[in-house]
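**Q**
There are 2 protein chains.
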Amino acid sequence: MCGIVGYLGHRNVVEVLISGLSRLEYRGYDSAGISVMQNDEIVSVKAQGRLKNLEAKVEGRHLDAHLGIGHTRWATHGAPSDVNSHPHNSNDGKISVVHNGIIENYMELKEMLQEKGYTFLSDTDTEVIPNLLHLNYEGDLLEAVMKTVKQLKGSYALGVICTEEPQKIVATRKDSPLVVGLGEGEYFIASDVPAILNYTREIIYLNDGEFAVLEGPALQLFSAEGLSVERPTTTITWNAESAEKGGYAHFTLKEIYEQPKALRDTMTSRIVPGQPIKLDDIHITREMLLHYSRIYIVACGTAYNAGLIGKVAMENLSRIPVEVDVASEFRYRNPLIDNRTLVITISQSGETADTLAVLRDAQTKGARVIAITNVVGSSISREADDVFYTWAGPEIGVASTKAYLTMLVALYAIGIHFAELLDTKTAEELDAIKKELLTLPEKVAEILAHVEKVKDFAQRIHGEKDVFFLGRGLDYQIAVEASLKLKELSYIHSEAYAGGELKHGSIALIEDGISVIAPITQRDLTEKMQSNIKEVVSRGAKVMAVTYAENEDVAKYADEVIYIPSTLDLIAPILAVVPLQLLAYYVALYKGLDVDKPRNLAKSVTVE
Amino acid sequence: MCGIVGYLGHRNVVEVLISGLSRLEYRGYDSAGISVMQNDEIVSVKAQGRLKNLEAKVEGRHLDAHLGIGHTRWATHGAPSDVNSHPHNSNDGKISVVHNGIIENYMELKEMLQEKGYTFLSDTDTEVIPNLLHLNYEGDLLEAVMKTVKQLKGSYALGVICTEEPQKIVATRKDSPLVVGLGEGEYFIASDVPAILNYTREIIYLNDGEFAVLEGPALQLFSAEGLSVERPTTTITWNAESAEKGGYAHFTLKEIYEQPKALRDTMTSRIVPGQPIKLDDIHITREMLLHYSRIYIVACGTAYNAGLIGKVAMENLSRIPVEVDVASEFRYRNPLIDNRTLVITISQSGETADTLAVLRDAQTKGARVIAITNVVGSSISREADDVFYTWAGPEIGVASTKAYLTMLVALYAIGIHFAELLDTKTAEELDAIKKELLTLPEKVAEILAHVEKVKDFAQRIHGEKDVFFLGRGLDYQIAVEASLKLKELSYIHSEAYAGGELKHGSIALIEDGISVIAPITQRDLTEKMQSNIKEVVSRGAKVMAVTYAENEDVAKYADEVIYIPSTLDLIAPILAVVPLQLLAYYVALYKGLDVDKPRNLAKSVTVE
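Chains R and A are the protein sequences, given in the same order. Heads up, the first sequence is in numbering that gives the first Met the number 0, so the first residue is 0 and it goes up one at a time. Heads up, the second sequence is in numbering that gives the first Met the number 0, so the first residue is 0 and it goes up one at a time.
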């Protein structure tokens, strides 16, 4: 994780760095720090905790510099602390580095440097880099960086400054994201575009292994081999404002309420009744599809949970066998991949390290890869063979909400597209699904307009330590995601069980007064699910059900029932999860927690 | 669940019923009850809770009868209570019924009977049966039962007595197990063999839809159509003693310590280095295997957890794609099954209702089904096309231990067998695996001989509310089972995460002082797993690792390390789970819980 930012230009660099870091806090917020070039000396200020701690520390320093680098950290090596914060400097204070990624061989490098007399203050992997740069420095910072990264194993995006060349920032990346921003006689580096969107919309996406040298009024790019390269600039068209809270207490709540729009945007021009699904960036033919023996959906976290539903939807629609797996597990289990395999990777940020690694491995073994991602120009979107962009807009809240819903729509759209190519469903059947999908924005809006019961239930359970979710069929998959949401936002230990599995062990945990939450949207399974509810009720559980409008029966057993508008069973999960997102939000709110930035979590997991 | 027993003969029926129920308590223990024919009147005695409550109630009654039925209950409809206990009688007290299963249409039948003036005392589904029998009775109990079951939807094993025919027990079954026992001028019915093994070893397994009439000195069997049928008797060769505790404090502990023997028995004659795997009851040829496009492993609870490991092992060995699913989910999601599908079902008891249903559905769709089960003659073993019997011996502890380990061996053996048929591994590679498998009994015994550290750790964590398990690769699958074991036995809310998924949400739950348990047996993944451990340690977690003898590194990060003997990574899970079974046992012991009979659980889940 971690976020880095760098600036060189006419403005006060401290303001630019703090502003940039404030937009990158979603990448981690264990600590933050900056190094600026003040009268040809490096001044570093670092503080554990949120950015405001750093701001307080900087305030008294009256810094007036125009070149510098900054960092917001998500701890991997060494606990969150001042001393483990970035930037890290060489022993003589002449070189300063910000780093996003993990250096796998840092222990070995550290021992080598210690033998040469270098000392280390922190527990981080990063601190080897400034000292290694110092060792390699022979009067040219770019050359030193090029030599140094050859010695590094692992992933990194780096920003480096040096007192010997006080007008220069050198940046490079491998397996961690980095963009360069171009202003009027000023230059930026950043882990992600929002950090610098207040200042410029002209962006260059640096490729793996490339170097950027920002110096005085010029920018030069070099390939891994040190040859000068040219790269096009991209003009960012979306608005910085659109990533602001817009009147809501939290980004997370705002993003939950943006879901009707996000769904509508994602479906627009792609799903039209009476017409085939239109996916501009997916180029898979009927012949190719007939050739594939299997689809793997691979992702992490909430995107994996979307995949669980995608599997059921896609098998139902296209009758191609689909297997879903967690990226960090899939890549290490020698999966059966060949040129008859189609892989679908899902990642909101498009930078998730394990997912990106799966994409590359799969391509190496001959598979074709479709990416579902929310970020245009992200690593995953650039390297995939086909792309489905969810047009959810920037998602700032660490717990994914609107991105998740649009990922579901993406999976249904691809499933329908495959069904059209393979003729596994009639045009009428598919048209019925398309029409229902198009009603979802309105139905989600209806759910969002009536939240009193959800708030009441959140009030009731917010003091609890353990909560269980139960579901059958697609409701189980929804329960898994709803449980993750509650866990992430409220730190309540919640867990989701398949209704039929309860008796095979987990029911031992059901005791008097425990809360159980049960989505019930699958009409065929309603009776069986209600039997499971009776089992937990007879052991003292209090049950909240989320169910379709016509299911009056459940009110006999459940303590609280949230009704959602009717739709097809196949797509009902898209509705059922919405009140459960709200539940997680309000539980966290009543507990007084930081909803947008849950403890220990970061938005985009760009390390393994 | 539930267990039923019935007797007709020269002995005091009360003693036989209580003895039988005591051997069936593993099927449920929410309440127990008996109905006996005393001077041509039915006397029913019922008590909530364990069997000893019933015994106390019966003691003062001086019953002297020779025909009766008994029941031990696992609540599904209506809370555990005296009034909801079986047997249930008709309003006039002339018909008494014990029932195992669920009557799905009982509400409808109840309303119909209420309209006719019948009244109901309990909340159970069962109580409709004696009244429906009363309505249908026209002087012949067998005819009344035959007519009645035609009106029932759901699953049942029934034992019925009636004052009008005081020398008769009528029994029948559908989708719930029932055996008939034959003694010297005496007859028995029971849900399972151990209930009557003190009295007889001659057993008839009743088929679905069949009826048994026990009357005076005779036994008659009838088909669903009412035609007289003959069925062979089976002589049970195993010893009732072998199901006793044998000096251990609990069956569960005894069964954990029986694992070296269970493993040895299961491998004997099947796995011999230098020879092909020998599986007498599996008749799958190379040609058949080449025809299969996919294997599904389907099971519930611990057997499902065994399947998770089976998938990885089998794909690794045979390179056939394997998908694992929970039976209660699989059967309702319209899975892709045809005659190119091979299904492997796993069930210790061979009676698990959802698993049995999957077996039948799969066969209907043309698939071939292999059963892995511990019970010879069980429904699943009788209906499968091929069978692998785990020779673990009777498992009485509700939490499965030795059956799980032998299921793993079964899956590896089948995987090697397929690899031999398909030539996916060299004879040398397979021989190396066989040799290592054969060392497991000794290595498990070694683990069982050194339990001090496990006991210490159990002592330390037994007061905790939440515990997390972490693993990567096969260690994740082991973590899932270890977590279930802890949950079942100790009621601690434990949950297993894949190491790489931690950062995608669950790490929000890691706070100061929380316990994390990490099996680390996969050498390739050790470094990455240890990175994950550092992540939780830096957030305050206390970690216990279970790892292979050469891994000294982990002691730097973990608070406690349990070392297990070295073996191949592929089969290491079989060893790693053993100390974690013991951990679950000792935590429950220190909490003062009923280890052999965890609350809410039953051994064999014969309802959905």
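No residue lacks a Cβ here, since even glycine has one placed at the ideal position from N, Cα and C. Remember, it's a predicted structure, so these values are computed and weren't measured experimentally.
Determine the chain R residues that contact A/Tyr155 at a beta-carbon separation under 8 angstroms, and present them in chain order.
**A** Simply none; closest approach about 15 angstroms.
**Q** Is the number of C-beta pairs between the region 296-315 of chain A and the region 341-349 of chain A that are closer than 8 angstroms three or more?
**A** Contact holds: three or more Cβ-Cβ distances are below 8 angstroms.
**Q** Nearest to A/Val271 by CA position, among A/Asp81, A/Pro518, A/Gly100, A/Lys433, is which residue?
**A** Checking every option, the nearest Cα to that of A/Val271 belongs to A/Lys433.
**Q** Give me the Cα-Cα distance between R/Tyr186 and A/Ser537, rounded to the nearest whole angstrom.
**A** About 36 angstroms.
**Q** Using a Cβ-Cβ cut-off of less than 8 angstroms, give me the residues of the region 497-518 of chain R that come near chain A, in sequence order.
**A** Listed by position along the chain: Ala497, Gly498, Gly499, Glu500, Lys502, His503, Gly504, Ser505, Ile506, Ala507, Leu508, Ile509, Glu510.
**Q** Tell me R/His492's beta-bridge partners as DSSP assigns them.
**A** According to DSSP, which records beta bridges pairwise, R/His492 is partnered with R/Asp465.
**Q** Compare the C-alpha of A/Ser514 against each of A/Ala248, A/Leu157, A/Val535, A/Leu66 and name the closest.
**A** When each option's Cα is compared against that of A/Ser514, the closest is A/Val535.
**Q** Does the Cβ of A/Met609 have 16 or more other Cβ atoms within 10 Å, making it buried, or fewer, making it exposed?
**A** Residue 609 of chain A lies beyond the range of chain A shown here (0 to 607); nothing can be said about it.
**Q** So, with DSSP's three-state summary, where would you put A/Tyr204?
**A** Looking at A/Tyr204 - three-state DSSP - the assignment turns out to be strand.
**Q** Can a CB atom of chain A be found closer than 7 angstroms to the CB of R/Asn304?
**A** No - not a single Cβ of chain A is within 7 angstroms of the one on R/Asn304.
**Q** Run through chain A and tell me which residues come within less than 9 angstroms of R/Cys1, C-beta to C-beta.
**A** Those do not exist, as R/Cys1 stays about 12 angstroms from chain A at its closest Cβ, beyond 9 angstroms.
**Q** Cβ atoms of A/Thr351 and A/Thr265: under 7 angstroms apart, would you say?
**A** No. Outside cutoff.
**Q** By the three-class DSSP mapping on this structure, what secondary structure does A/Leu421 have?
**A** A/Leu421 falls in the helix class under three-state DSSP.
**Q** Taking CB distances under 7 angstroms as the criterion, tell me whether R/Gly300 reaches chain A.
**A** Output row for R/Gly300: interface = yes.
**Q** Please check if any C-beta of chain A sits within less than 7 angstroms of the C-beta of R/Arg598.
**A** Yes, its Cβ sits closer than 7 angstroms to a Cβ of chain A.
**Q** Of the choices R/Glu428, R/Lys401, R/Ala409, whose alpha-carbon is the least far from that of R/Ala444?
**A** Residue R/Lys401 is the option with its Cα nearest to R/Ala444.
**Q** Within the region 331-363 of chain A, note down every full alpha helix (DSSP H) run reaching 4 residues or more, in order along the chain.
**A** Runs of the alpha helix (DSSP H) inside the region 331-363 of chain A: 352-363.
**Q** CB-CB under 7 angstroms to A/Glu254, same chain, minus the five flanking residues each way: which ones, in chain order?
**A** Once the five neighbours on either side are set aside, the close Cβ partners of A/Glu254 are Glu394, Gly396, Thr400, Lys401.
**Q** Following the continuous alpha helix (DSSP H) through R/Leu262, name the residue where it begins and the one where it ends.
**A** Taken as a continuous stretch (DSSP letters only), the alpha helix (DSSP H) holding R/Leu262 covers 258-266.
**Q** For the region 388-414 of chain A, which residues have a CB atom closer than 7 angstroms to at least one CB atom of chain R, in sequence order?
**A** The residues in question: there are none.
**Q** If you drop the 5 nearest sequence neighbours on each side, which residues of the same chain put their C-beta closer than 6 angstroms to that of R/Leu218?
**A** Answer for R/Leu218: Tyr186, listed in chain order.
**Q** What separation, rounded to the nearest whole angstrom, lies between the Cα atoms of A/Tyr256 and A/Glu441?
**A** Answer to the nearest angstrom: the Cα atoms are 12 angstroms apart.
**Q** Under 7 angstroms, Cβ to Cβ, is there at least one residue of chain A near R/His98?
**A** No, because no Cβ of chain A sits closer than 7 angstroms to the Cβ of R/His98.
**Q** Would you please verify whether the beta carbon of A/Leu335 is less than 7 angstroms from any beta carbon of chain R?
**A** Taking Cβ atoms only, chain R reaches closer than 7 angstroms to A/Leu335, which makes this a yes.
**Q** Is A/Leu439 buried or exposed, if buried means 16 or more other CB atoms sit within 10 Å of its CB?
**A** Classification of A/Leu439: buried, given that the 10 Å Cβ count is 16 or more.
**Q** Taking 7 angstroms as the threshold (C-beta atoms), are R/Asp568 and R/Arg598 in contact?
**A** Result no, Cβ atoms of R/Arg598 and R/Asp568 do not sit closer than 7 angstroms.
**Q** Using only the alpha-carbon positions, how far apart do R/Tyr562 and R/Val545 sit?
**A** Approximately 6 angstroms between the Cα atoms of the pair.
**Q** For a test of the three-state rule: what should DSSP assign to A/Asp384, helix, strand or coil?
**A** Coil.
**Q** State the DSSP-derived secondary structure class of A/His416, mapped to helix, strand or coil.
**A** A/His416: helix per DSSP, three-state reduction.
**Q** Helix, strand or coil: which one does DSSP assign to A/His70?
**A** A/His70: strand per DSSP, three-state reduction.
**Q** Return the Cβ separation of A/Pro176 and A/Ser378 in integer angstroms, given the expectation that the two are a contact with Cβ distance under 8 angstroms.
**A** Yes, A/Pro176 and A/Ser378 are in contact; Cβ-Cβ is about 6 angstroms, under 8 angstroms.
**Q** Applying the 10 Å Cβ sphere with the 16-neighbour rule, what's the burial state of R/Asp593?
**A** Answer is exposed; the Cβ neighbour count stays below 16.
**Q** Less than 7 angstroms between CB atoms is the rule here; does R/Gly609 satisfy it with respect to chain A?
**A** As shown, chain R starts at 0 and ends at 607. That puts residue 609 of chain R outside it, with no answer to give.
**Q** Using the beta-carbon count (16 or more within 10 Å), is A/Lys51 buried or exposed?
**A** A/Lys51 is exposed by the Cβ-count criterion.
**Q** Measure the alpha-carbon distance for A/Ser43 versus A/His61 and round it to whole angstroms.
**A** Going from the Cα of A/Ser43 to the Cα of A/His61 covers about 13 angstroms.
**Q** On the criterion of 16 or more Cβ atoms from any shown chain inside 10 Å, does R/Gln458 qualify as buried, or is it exposed?
**A** With fewer than 16 other Cβ atoms within 10 Å, it is exposed.
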